[in-house]
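Each remark here refers to the structure printed beneath this line.
Protein chains: 2
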Amino acid sequence: AVFGATAEKERVGYNILASIVHGGFAGDLYPVHPRLGEWQGLKVYPSLEEIPDTPDLAVIALSEGRTVEALARCGEKGVRAAVCLAGGFKETGEAGARLEAELAATARRYGIALVGPNTLGIINTGANLYVTFYPMRLTGGGVSLISQSGGMGLTMLYRAMEEGLGIAKFVVVGNRSVLDVADYLAWLEDDPQTKAVGLFLEGVNDARRLVELAGRINRTKPVVVYKAGESEGAAYAALTHTGSMVGSHRLYLDSCRQHGIYAVESAEAVVSALKALTTAPRPAGRRVAVVTHTAGPGIVILDRLSRAGAVFPPFAPATMEAIRGVMGENPPVVIKNPLDAAGAGLSPAVIGQLTRAVCADPSFDLVLVIFCLHANWPFPTAELAALAGEKPVVACYISTRAGMAKEQETLAAAGVPVYHSLEEAARGASALMWYARGES
Amino acid sequence: AVFGATAEKERVGYNILASIVHGGFAGDLYPVHPRLGEWQGLKVYPSLEEIPDTPDLAVIALSEGRTVEALARCGEKGVRAAVCLAGGFKETGEAGARLEAELAATARRYGIALVGPNTLGIINTGANLYVTFYPMRLTGGGVSLISQSGGMGLTMLYRAMEEGLGIAKFVVVGNRSVLDVADYLAWLEDDPQTKAVGLFLEGVNDARRLVELAGRINRTKPVVVYKAGESEGAAYAALTHTGSMVGSHRLYLDSCRQHGIYAVESAEAVVSALKALTTAPRPAGRRVAVVTHTAGPGIVILDRLSRAGAVFPPFAPATMEAIRGVMGENPPVVIKNPLDAAGAGLSPAVIGQLTRAVCADPSFDLVLVIFCLHANWPFPTAELAALAGEKPVVACYISTRAGMAKEQETLAAAGVPVYHSLEEAARGASALMWYARGES
Chain B
1210 AVFGATAEKE
1220 RVGYNILASI
1230 VHGGFAGDLY
1240 PVHPRLGEWQ
1250 GLKVYPSLEE
1260 IPDTPDLAVI
1270 ALSEGRTVEA
1280 LARCGEKGVR
1290 AAVCLAGGFK
1300 ETGEAGARLE
1310 AELAATARRY
1320 GIALVGPNTL
1330 GIINTGANLY
1340 VTFYPMRLTG
1350 GGVSLISQSG
1360 GMGLTMLYRA
1370 MEEGLGIAKF
1380 VVVGNRSVLD
1390 VADYLAWLED
1400 DPQTKAVGLF
1410 LEGVNDARRL
1420 VELAGRINRT
1430 KPVVVYKAGE
1440 SEGAAYAALT
1450 HTGSMVGSHR
1460 LYLDSCRQHG
1470 IYAVESAEAV
1480 VSALKALTTA
1490 PRPAGRRVAV
1500 VTHTAGPGIV
1510 ILDRLSRAGA
1520 VFPPFAPATM
1530 EAIRGVMGEN
1540 PPVVIKNPLD
1550 AAGAGLSPAV
1560 IGQLTRAVCA
1570 DPSFDLVLVI
1580 FCLHANWPFP
1590 TAELAALAGE
1600 KPVVACYIST
1610 RAGMAKEQET
1620 LAAAGVPVYH
1630 SLEEAARGAS
1640 ALMWYARGES
Chain S
1210 AVFGATAEKE
1220 RVGYNILASI
1230 VHGGFAGDLY
1240 PVHPRLGEWQ
1250 GLKVYPSLEE
1260 IPDTPDLAVI
1270 ALSEGRTVEA
1280 LARCGEKGVR
1290 AAVCLAGGFK
1300 ETGEAGARLE
1310 AELAATARRY
1320 GIALVGPNTL
1330 GIINTGANLY
1340 VTFYPMRLTG
1350 GGVSLISQSG
1360 GMGLTMLYRA
1370 MEEGLGIAKF
1380 VVVGNRSVLD
1390 VADYLAWLED
1400 DPQTKAVGLF
1410 LEGVNDARRL
1420 VELAGRINRT
1430 KPVVVYKAGE
1440 SEGAAYAALT
1450 HTGSMVGSHR
1460 LYLDSCRQHG
1470 IYAVESAEAV
1480 VSALKALTTA
1490 PRPAGRRVAV
1500 VTHTAGPGIV
1510 ILDRLSRAGA
1520 VFPPFAPATM
1530 EAIRGVMGEN
1540 PPVVIKNPLD
1550 AAGAGLSPAV
1560 IGQLTRAVCA
1570 DPSFDLVLVI
1580 FCLHANWPFP
1590 TAELAALAGE
1600 KPVVACYIST
1610 RAGMAKEQET
1620 LAAAGVPVYH
1630 SLEEAARGAS
1640 ALMWYARGES
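Top to bottom, those sequences are chains B and S.
Heads up, the first sequence is in the working numbering, so the first residue is 1210 and it goes up one at a time.
Heads up, the second sequence is in the working numbering, so the first residue is 1210 and it goes up one at a time.
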């Protein structure tokens, strides 16, 4: 059942119906509106009571006051799950808090699993169920995202689309009147489609439960978290957003670390990390080799990964031999790690040979390859894809995003995450190092 | 004159000729090769001596040993500028250092302004002159980029292309055998096309001269710098790249600050900063207002800009009135800065009206507007473009890059920099605040 159906394209009720229809949901759909009659060929029910069946889910796109009433009627009819979209609850002050208490009590009375209120909704690609007022169609995959904010949820989602990541579940938590972040996380723990989880947090009530749960899940499915609210002003802003107390940022970071949860500094970094974690194998340690034809980016990567705990050991003697075998006995560069193949490395075949040699070197746990977009030198995509194996290879194709979009799919299929910026590549490699199997 | 002309598409000599031809250079072009005869319809001269004229510039795409010899012949003929592409000089050790000393002495003997060696080359869009082995065609504009590394230069250049920035000059400095970073910067100081400069540095010999010069230029043309080499390993990597001593990172940051130069933490941040600085007017101070329909991103922006010294004052009473006039007397949100218009803000017209009201409020020096890509709610592009005025407006359109690409041009023309991520928008706004006209 979808309350708030309307023919007006700019309204939330229209867009939530459009989203569900456009998303391809195969189950029965019951729009509710007292007078609308039909919506784009779909029968609209004048009231919940006239729906011949008991819907599994109620989607309530009504104002805050009417939301409470509609939820009660859902309870009466036996509906056991609801998504409440309206804001205007505890985030607005005392009157809103009273209304929200009423909403929560209603949900508890009838045993309704309540998403929101004040939420952008949820997506389950496995069921083609897009319960949001942002109509879209996602590629399915192993990444699930939970966000306390709609805008930050979209930030992660749009970035995931750009990075070519497939989505399992997407949840905007909103006010956590009944279901809290930990409940959604517990659901994802048991979800076979979910391989890794990204979280955006403002602040939660059950911080201890959340962190302990995330820490446990994290052992089998990486959980990457970005929490806003480090500044003082942000605390008040969060309170008036989803009624959240942000707590101490330092305490939060410490408890994440204690439970092995990977905490990052932006929504973009969540996605870059998830890309590496769902594409590449886990490294055995933090010993990194870099192969490139352009030294400057190697220096930048060295800076960034050093900060994340990477070490850059020298090549083993056999690897030095192999490199000389490719580049000649006296190449016009110093052979060292990061390896700058200079002019020779403009050939994708050479980059492939060098990367193969470095991957075979037991001194390294992770190999990072940097190549720049060029009109006549193709990317070493086939060469890197052929290297897929035990050891993670992370690629950085310095280019516009459009310039490397074609390569992304091939490399992802081969287990090589590719980034179009050093910054993102460093974030991906850092995430892999966080989840290294042991110390090197 | 272009030494190293060849018909082999994968070689540097081919690509540098292709780049110059493709770029549309209108002057005379003299490829040099002992036996080639012609190159895609262009006459190739067997030697420099047979060129009927004295070229203004020699482009030398030969091996390191032959480069020195070719430069001497250029000197004899009266050529007064040269770009030397080969690596294999002081970055490789003692023998290379001796060869480079010879190269520099040759240049000095004949008074040749020498770019490189070990460089990707230079671009001057004003003259359609693309002296690099990365053939491309750029949109002209006010941004000039100087990089000590080819790969980092391309990183900034590709990012600038994505962000819709027009380029004036692009220089990859390489080994600084004769011309150093400060020389290029001095050239840009007098270049009427250049409005702002981005610098990527590894390490220079004349650090004091560079910083003082950059500080002076910075008063009229913003200079944004990213310097690699904060880690210990990076120091050695830089030495074996362009023979640079990186020096103390802390000392570098302190002297930038002392001279008012804006130092950032990545190549991407250089471009985000330049985008704001060449698009928006300078703010009077650091008092920021945020207008959005999605509160979470407002909290994130508050965190990030607070770190950069922003303050978020409350709205003036008249502004509160105006906001209530747009949103109604009792909107289902707390009216405060950051302003979350919630459901009402999904309409571009409402975002436009609210932004206009906030822009008129003398409590603020900069207004940041956040809007999320949606299938049925268009971006408030026309509304924001209409607000162009004294006060900087920075837009963040949360979306894929492709999703907001069309809007970018319209907004840029109106003086509104638009970013597709909060992270980049925060970088843009932070740059504007750095260059604020006074303290608030």
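Where is the CB? At the ideal position from N, CA and C, for every residue including glycine.
- For I1332/S, the uninterrupted beta strand (DSSP E) run begins and ends at G1330 to N1333, by DSSP.
- Taking the Cα of F1379/B as reference, the smallest distance to any Cα among L1388/B, P1255/B, G1424/B and L1329/B is reached at L1329/B.
- In this structure N1384/B is buried. Its beta-carbon is surrounded by 16 or more other beta-carbon atoms within 10 angstroms.
- For L1448/B, the closest C-alpha among the options L1462/B, R1425/B, G1412/B and C1465/B is that of G1412/B.
- Within chain B, no residue has its CB atom less than 8 Å from the CB of C1568/S, the nearest being about 21 Å off.
- When the Cα atoms are used, L1374/S and L1422/S turn out to be separated by approximately 24 Å.
- Three or more beta-carbon pairs separated by less than 8 Å link the segment 1287-1300 of chain B to the segment 1259-1272 of chain B, which places the two stretches in contact.
- Chain-order list of chain S residues neighbouring S1515/B: E1439, S1440, E1441, G1442 and A1443, by C-beta distance under 9 Å.
- Taking the C-beta atoms as reference points, T1263/S is found nearer than 8 Å to V1288/S.
- Partner residues in the beta bridge of L1338/S, as assigned by DSSP, are N1333/S.
- Residues of the segment 1572-1592 of chain S whose Cβ lies closer than 8 Å to any Cβ of chain B, in chain order: I1579, C1581, L1582, H1583, A1584, N1585 and W1586.
- Note on geometry: alpha-carbon atoms of K1404/S and P1431/S lie some 7 Å from one another.
- The C-beta of V1340/S comes no closer than 8 Å to any C-beta of chain B.
- The alpha-carbon separation between I1331/B and V1253/B amounts to approximately 22 Å.
- Of all residues in the segment 1215-1230 of chain S, the ones placed with a Cβ closer than 7 Å to any Cβ belonging to chain B are K1218, E1219, V1221 and N1224, in chain order.
- Considering only V1420/B, Q1467/B and A1519/B, the residue with the shortest C-alpha distance to E1441/S is A1519/B.
- When DSSP assignments are scanned along the segment 1557-1642 of chain B, the uninterrupted stretches of beta strand (DSSP E) that are 3 or more residues long and fall wholly within it turn out to be 1575-1581 and 1602-1607.
- When C-beta atoms of the segment 1579-1599 of chain B are compared with those of the segment 1456-1475 of chain B, fewer than three pairs fall below 8 Å, so the two segments do not count as touching.
- Residues of chain S whose Cβ lies closer than 8 Å to the Cβ of K1600/B do not exist, since the nearest Cβ in that chain is about 21 Å away.
- Excluding residues up to 5 positions away in sequence, V1499, T1501, P1547, D1549 and I1579 lie with their Cβ nearer than 7 Å to the Cβ of G1507/B in the same chain.
- The DSSP-derived three-state label of T1301/S is helix.
- Below the 8 Å Cβ cutoff, chain B contributes G1442 as neighbours of F1521/S, in chain order.
- A contact between stretches requires three or more CB pairs, one per stretch, nearer than 8 Å, and the segment 1299-1316 of chain B meets this requirement with the segment 1532-1546 of chain S.
- Assigned with DSSP and collapsed to three states, G1213/S falls in coil, not helix or strand.
- Between V1277/S and chain B, the shortest Cβ-Cβ separation is not below 8 Å.
- Within the segment 1405-1487 of chain B, the complete alpha helix (DSSP H) segments at least 4 residues long are 1416-1426, 1441-1451 and 1458-1467, listed from N- to C-terminus.
- Taking C-alpha positions only, A1558/S is separated from V1381/B by approximately 26 Å.
- The Cβ atoms of A1493/S and A1645/S sit closer than 8 Å to each other.
- Secondary structure note for A1227/S: its alpha helix (DSSP H) is the uninterrupted segment V1221 to G1232.
- By the Cβ rule, the segment 1614-1631 of chain B does not count as touching the segment 1227-1245 of chain S, because fewer than three pairs are nearer than 8 Å.
- Contact annotation: the segment 1556-1570 of chain S does not touch the segment 1477-1495 of chain S, with fewer than three C-beta pairs closer than 8 Å.
- In this structure, M1361/S sits away from G1407/S, with a CB-CB distance that is not shorter than 8 Å.
- The alpha carbon of G1325/S has as its nearest neighbour, out of A1306/S, V1387/S and Y1319/S, the alpha carbon of V1387/S.
- Under the three-state reduction of DSSP output, L1294/S falls in the coil class, being neither helix nor strand.
- Residue environment analysis places A1336/B among the exposed positions, since fewer than 16 neighbouring C-beta atoms fall within 10 angstroms of its C-beta.
- Between R1368/S and the set T1215/S, S1481/S, V1576/S and Q1249/S, the nearest pair of CA atoms involves S1481/S.
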